[in-house]
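Enquirer: Numbering (the numbering used here), first residue to last: 4 to 143.
Below is one structure. I have some questions about it.
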């Protein structure tokens with residue numbers, strides 16, 4: 004703990020961490036990427052909340068926004084560390100859903116033009132347990 008306090012660049016410690024699941028690996032990759040690129044936000048498009056749960060298990064200073072179409076999932080994710088759950092229909096095709104997600108973030112002043120954020124989702128869209136994509140985006 005003292006080492007982490009002495010080194011401000013050491014935010015999320017992944018030493019010795021391994022993942023046996025694709026969704027968990029994508030979630031950890033999103034945290035690592037966001038931290039090292041200085042992203043403004045991490046976004047998880049999730050039906051079940053699993054991706055947000057994986058992300059919440061690591062201490063990271065970047066806020067995690069979990070977009071879900073399900074009220075029950077939104078309520079459950081409200082208990083996850085550093086996760087801010089938002090309702091959004093994620094059943095559209097991937098490109099449409101990604102555009103909607105960015106509009107959602109901009110409308111809430113979470114990101115602004117030029118900001119960098121990372122986003123995860125699964126293909127095909129709308130199927131739980133399928134997070135398999137990580138995208139790095141710059142707000143237009």
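Backbone N, C-alpha and C define an ideal beta-carbon position, used for all residues, glycine too.
Taking the alpha carbon of residue 110 as the point to measure from, which residue in 122, 89, 65, 66 has its own alpha carbon closest?
Expert: It is 89 whose Cα lies nearest to the Cα of residue 110.
Enquirer: With DSSP as the reference, identify every bridge partner of residue 122, one or two as the case may be.
Expert: 46, 138, per the DSSP bridge assignment.
Enquirer: Output needed for residue 161: all residues of its chain with C-beta closer than 7 Å, excluding positions within five of it in sequence on either side, in chain order.
Expert: For residue 161 there is no data in the structure shown, the boundaries of the chain being 4 and 143.
Enquirer: Report all residues from its chain with a CB closer than 6 Å to the CB of residue 137; omit the five preceding and five following residues, and keep chain order.
Expert: If we look at residue 137 and ignore the five residues flanking it on each side, its Cβ neighbours are 29, 32, 33, 123.
Enquirer: Considering only residues of the same chain and omitting the five flanking positions on each side of residue 4, which have a CB-CB separation below 6 Å?
Expert: Note that residue 4 scores 49 on pLDDT, short of 50, meaning its location in the model is unreliable; the coordinates nonetheless yield the value given after this. Within the same chain, residue 4 has no close Cβ partners at all.
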